[in-house]
Amino acid sequence: GQQVMQIPQYQHVQEGEDFTTYCNSSTTLSNIQWYKQRPGGHPVFLIQLVKSGEVKKQKRLTFQFGEAKKNSSLHITATQTTDVGTYFCAGCPVNRDDKIIFGKGTRLHILP
Amino acid sequence: DGGITQSPKYLFRKEGQNVTLSCEQNLNHDAMYWYRQDPGQGLRLIYYSQIVNDFQKGDIAEGYSVSREKKESFPLTVTSAQKNPTAFYLCASTLTLAGGTDTQYFGPGTRLTVL
Chain Z
1 GQQVMQIPQY QHVQEGEDFT TYCNSSTTLS NIQWYKQRPG GHPVFLIQLV KSGEVKKQKR
61 LTFQFGEAKK NSSLHITATQ TTDVGTYFCA GCPVNRDDKI IFGKGTRLHI LP
Chain B
113 DGGITQSPKY LFRKEGQNVT LSCEQNLNHD AMYWYRQDPG QGLRLIYYSQ IVNDFQKGDI
173 AEGYSVSREK KESFPLTVTS AQKNPTAFYL CASTLTLAGG TDTQYFGPGT RLTVL
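Those sequence lines, one after another, are chains Z and B.
Residue numbers for the first sequence follow our numbering, so the first one is 1 and each next one is one higher.
Residue numbers for the second sequence follow our numbering, so the first one is 113 and each next one is one higher.
Written as structure tokens, this is what we have:
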């Protein structure tokens, strides 16, 4: 079946280091969304990418959507303690706009 | 103040009992969703509803039931047939029927523990 794979599952970084999580789909996506879930909280929408090769930035966060619309990445520059949490990608398969498939998430720990 | 509410935040039940989790939204969103979250497993879709009195099974519907009698309410019943019900349950909604391309707004979740 259709899957969205996300790596790594866990990442520990020193505060100030960069962090990247990758998302790969077994099928072409019409869009990719990214969510952040703080410890003990619920997922909160960060951004949606729609176009092939699209790059969007939110302060220290950079989101990319691959040319083939099958992969995506989230890069955080100079991590801060407030970045702690689990980052999920979620993709919508082409021709199925009612369906979104979540990756398993990458849990980010920041070491002070 | 608009949003999605889920109650209760923590729920304990004995094995073999059915339990109903509440989800209410005042965002006037058309579609609502139930997800189950287990450690390291991400979000798995249980059921979703795009319109009142209609709903569809997600990837892990067995042992669960839902109803959508009102646009703003989408309760989930975890039945005794669900073999491993202990989990964190998240309700979400989207403004339109296009749940794959629309922003999902999540409630705070209910953590169910079956003893």
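For each residue, glycine too, the CB sits at the ideal point set by N, CA and C.
Source: prediction; values computed, not measured.
Quiz item: Does DSSP classify B/D166 as helix, strand or coil?
Solution: Taking the second sequence and counting its residues from 1, the one referred to as residue 166 of chain B is at position 54. DSSP places B/D166 in strand when its eight states are reduced to three.
Practice problem: Flag this pair as touching only if the region 188 to 204 of chain B and the region 8 to 21 of chain Z have three or more C-beta atom pairs under 8 Å; answer yes or no. | Solution: The region 188 to 204 of chain B is not in contact with the region 8 to 21 of chain Z.
Quiz item: So what's Z/T82 in DSSP terms, helix, strand or just coil?
Solution: Here residue 82 of chain Z corresponds to residue number 82 of the first sequence, with the count starting at 1. DSSP places Z/T82 in helix when its eight states are reduced to three.
Quiz prompt | Members of the region 22 to 43 of chain Z that neighbour chain B once the beta carbon cut-off is set at 7 Å | solution = Answer set for the region 22 to 43 of chain Z: S30, N31, H42, P43.
Quiz item: So which residues on chain Z does B/P220 lean against when the C-beta distance must stay under 9 Å?
Solution: Translated into positions along the second sequence, residue 220 of chain B becomes position 108. The contact set of B/P220 on chain Z, defined by CB atoms closer than 9 Å, consists of G41, H42 in chain order.
Quiz item: Using CA coordinates, which residue listed in Z/K70, Z/G41, Z/K59, Z/G40 is at the minimum distance from Z/I47?
Solution: Position 47 of the first sequence holds residue 47 of chain Z. Closest option to Z/I47, Cα to Cα, is Z/K59.
Quiz item: In whole angstroms, what separates the C-alpha of B/F124 from that of Z/S25?
Solution: Along the second sequence, one-based indexing puts residue 124 of chain B at 12. Along the first sequence, one-based indexing puts residue 25 of chain Z at 25. Distance between the alpha carbons of B/F124 and Z/S25: 37 Å.
Practice problem: Would you mind listing the beta strand (DSSP E) stretches within the region 51 to 99 of chain Z that are 3+ residues and don't spill past its ends, in chain order? | Solution: Fully contained in the region 51 to 99 of chain Z are the following beta strand (DSSP E) runs of length 3 or more, in chain order: 55 to 58, 61 to 65, 71 to 76, 85 to 93.
Quiz item: Would the beta-carbon of B/G211 fall within 8 Å of that of B/Y145?
Solution: Position 99 of the second sequence, counted from the start, is the residue given in the question as residue 211 of chain B. Position 33 of the second sequence, counted from the start, is the residue given in the question as residue 145 of chain B. Yes, the Cβ-Cβ distance between B/G211 and B/Y145 is below 8 Å.
Self-check item: Residue range of the unbroken beta strand (DSSP E) whose run includes Z/H109
Solution: Within the first sequence, residue 109 of chain Z is the residue found at index 109, counting from 1. Its beta strand (DSSP E) spans residues 106 to 111.
Practice problem: Using the Cα positions of Z/I100 and B/Q216, report the straight-line distance between them to the nearest angstrom. | Solution: Here residue 100 of chain Z corresponds to residue number 100 of the first sequence, with the count starting at 1. Here residue 216 of chain B corresponds to residue number 104 of the second sequence, with the count starting at 1. One Cα belongs to Z/I100, the other to B/Q216, and the distance between them is close to 10 Å.
Practice problem: Could you name the residues that DSSP lists as bridge partners for B/R156? | Solution: Taking the second sequence and counting its residues from 1, one reaches residue 156 of chain B at position 44. According to DSSP, B/R156 shares a beta bridge with B/R148.
Quiz item: Using the beta-carbon of each residue, which ones in chain Z are nearer than 8 Å to B/T198?
Solution: As a working mapping, residue 198 of chain B is identified with position 86 in the second sequence. Result: empty, since nearest Cβ-Cβ is about 17 Å, beyond 8 Å.
Quiz item: Roughly how many whole angstroms lie between the Cα atoms of Z/Q14 and Z/K57?
Solution: Working through the first sequence from its first residue, we reach residue 14 of chain Z at position 14. Working through the first sequence from its first residue, we reach residue 57 of chain Z at position 57. CA-CA distance, Z/Q14 to Z/K57, rounds to 22 Å.
Quiz item: B/G154 and Z/K104 look like a contact to me (Cβ under 8 Å); what is the Cβ gap, rounded to whole Å?
Solution: For this step, residue 154 of chain B is matched to residue 42 along the second sequence. For this step, residue 104 of chain Z is matched to residue 104 along the first sequence. Contact between B/G154 and Z/K104 is confirmed by a C-beta separation of about 4 Å, below the 8 Å threshold.
Self-check item: Same chain, Cβ closer than 8 Å to Z/T81, neighbours up to 5 away in sequence not counted
Solution: Numbered from its first residue, the first sequence carries residue 81 of chain Z at position 81. These residues qualify, in order along the chain: E15, I110, P112.
Quiz item: At least one CB of chain B closer than 8 Å to the CB of Z/I100: is that the case?
Solution: Translated into positions along the first sequence, residue 100 of chain Z becomes position 100. Chain B, which has a Cβ nearer than 8 Å to the Cβ of Z/I100, makes this yes.
Practice problem: Given a cut-off of 8 Å, decide if Z/F88 and Z/F102 are closer than it, judged by their beta-carbon atoms. | Solution: If you number the first sequence from 1, residue 102 of chain Z lands on position 102. If you number the first sequence from 1, residue 88 of chain Z lands on position 88. Contact: yes.
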